[in-house]
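Residue numbers (our numbering): 981 to 1135.
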């Protein structure tokens, strides 16, 4: 078997993205198997950190969230919590929240060589914690030109 680092070098990887990591852990483990779930999350966290260090590349891991019905557990003012909860926090270097703001904006889209006005959702990315970044909030839109930061002027 070829080591992962050799495969990564051959592919010239600059970034690894693992999407919706919590999905497998939500349905795979029943409530009576919490110890096994916690151990599996630990092993995964150690492995992700090892790969990032060995390859010297960032790994972005997206994690689903779950609604909070008890306000005592608010998370940065949000009524949602990461599905892995505290068991994942010791493996995370930077935590960012990405979501929709509920606002929309009009923007031009190129559609078959002519500009068309469309309405698109305004999204937000917030740095929740990071040893190297300040806690910033940036609004952005996604359209056929890509991801674009936007400024919201509140009156």
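Yeah, the Cβ is synthetic: ideal placement off N, Cα and C, and Gly gets one too.
For the pair residue 1124 and residue 1071, the CB atoms are not nearer than the 8 Å cut-off. Residue 1101 carries a strand assignment under DSSP once its states are collapsed to helix, strand and coil.
Its Cα nearest to that of residue 1034, the residue 983 stands out among 983, 1103, 1112, 1114. Between the segment 1011-1021 and the segment 1037-1047, the count of Cβ pairs shorter than 8 Å is below three; the stretches do not touch. Of the residues assessed, residue 1002 falls on the buried side of the cut-off, its CB having 16 or more other CB atoms within 10 angstroms.
For residue 1014, the enclosing alpha helix (DSSP H) begins and ends at 1014-1035. In this structure, the alpha-carbon of residue 1085 lies about 21 Å from that of residue 1077. Cα atoms of residue 991 and residue 1004: separation of roughly 26 Å, rounded to the nearest angstrom. In the displayed model, residue 1118 falls within a strand according to three-state DSSP. Two segments are said to touch when three or more pairs of C-beta atoms, one from each, lie closer than 8 Å; by this definition the segment 1054-1069 does not touch the segment 1097-1105. According to the DSSP assignment, residue 1129 belongs to no alpha helix (DSSP H) but to the beta strand (DSSP E) extending over 1126-1130.
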